[in-house]
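*Asks:* Handing you a structure now.
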Amino acid sequence: MRNTPLLTTLLAIGLLFGACSKEKENTQQEANSLLATNEIVLTSLDNKQLVVKKADNGLQLEGAKGEVVIYDIFATWCPPCQAEASHLASLQKKYKNRLIVIGVSVEDGIANEKLETFKKQYNANYTLVNSSENSRIISEIAKELKLGRDFGIPLMVLYKDGKIINYYQGATEEEFIESDIKKALGI
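Going by the working numbering, the first residue of the sequence shown is number 936, and it counts up by one from there.
Below you can see the structure in the form of structure tokens.
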């Protein structure tokens, strides 16, 4: 009987500190969640990670200061997407140190092997990303462009230092894209 008040006190203290640590854990999870909403981590076919940060003025690819970044939103089954792949590869090669082309597949759960086949068959010699984060960056870009959820592909968006330069929806001539790249680079 004498141990009952002591046991009750210890139980109350345990619950109090248990709740505090749980609250701290929840606060930390919320902070991590907030941080995660400001960053999108894309994974390339060769397992390199590309970090895209959301900013007030757009999307900034980490480490791409002064470079033009093209996000090409595509599908492997789409004929205009297939046709533009070699044009994007040509531009990537021509402006190799000043241009980064990132192909973002709209196909959820597509196997890397299928993207590798697309890359080889259509000479898509630039970075292709395939991860659960693809849908997040696609949503962010569509929201930024006010396109809604159902938009046509291919959708190509050109950024420099996190700001949109221009975008193209549907099949686009290489010369138009190159003209915008040159303007952005001051060439």
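In this text, a Cβ means the ideal position worked out from N, Cα and C, and glycines have one as well. Bear in mind that the values here come from a model prediction, so they are computed numbers and not experimental data.
(1) At what residue ranges does the region 978-1025 contain a whole run of the beta strand (DSSP E), taking only runs of 3 or more?
(2) Closest to Leu977 by C-alpha separation, out of Gly993, Asp991, Asn992 and Glu997, would be which residue?
(3) Are Val1041 and Ile1072 closer than 8 angstroms when you measure CB to CB?
(4) Answer with buried or exposed for Thr1011, where buried requires no fewer than 16 other C-beta atoms within 10 angstroms of its C-beta.
(5) Under a three-way DSSP split, which group does Lys1049 fall into?
(6) Helix, strand or coil: how does DSSP classify Ser1040 here?
(7) Considering only the alpha carbon of each residue, which of Val1003, Asp1007 and Lys1000 lies closest to Asn1065?
(8) In whole angstroms, give me the CA-to-CA distance for Lys1028 and Glu1002.
(9) Rounded to the nearest angstrom, what separates Asn973 and Ile1037 at their Cα positions?
(10) Alpha carbon to alpha carbon, how far is Tyr1057 from Gln1017? Give it in angstroms, no decimals.
(11) Note down the Cα distance separating Tyr1103 from Pro1089, rounded to an integer number of angstroms.
(12) Spatial neighbours of Asp1019 within its chain, please: CB distance less than 6 angstroms, with the 5 preceding and 5 following residues excluded, ordered by chain position.
(13) Cutting at 8 angstroms between CB atoms, please list the residues of its own chain near Asn992, excluding the five before and the five after it.
(14) Between which two residues does the beta strand (DSSP E) holding Asn1060 run?
(15) Nearest by alpha-carbon distance to Ala1119: which of Glu1109, Arg1033 and Tyr1061 is it?
(16) Starting from the Cα of Val987, find the closest Cα among Asn1069, Ser1021, Thr1052 and Asp1085 and give me that residue.
*Replies:* The answer reads as follows:
(1) 984-990, 993-996 and 1003-1009
(2) Glu997
(3) no
(4) buried
(5) helix
(6) strand
(7) Asp1007
(8) 14 angstroms
(9) 19 angstroms
(10) 6 angstroms
(11) 8 angstroms
(12) Correcting the residue identity first, residue 1019 is Glu in this sequence and not Asp. For Glu1019, where only same-chain residues beyond five positions count, the Cβ hits under 6 angstroms are Pro1089.
(13) Gly1097 and Lys1098
(14) Segment: none, Asn1060 is in no beta strand (DSSP E) and carries neither H nor E.
(15) Arg1033
(16) Asn1069
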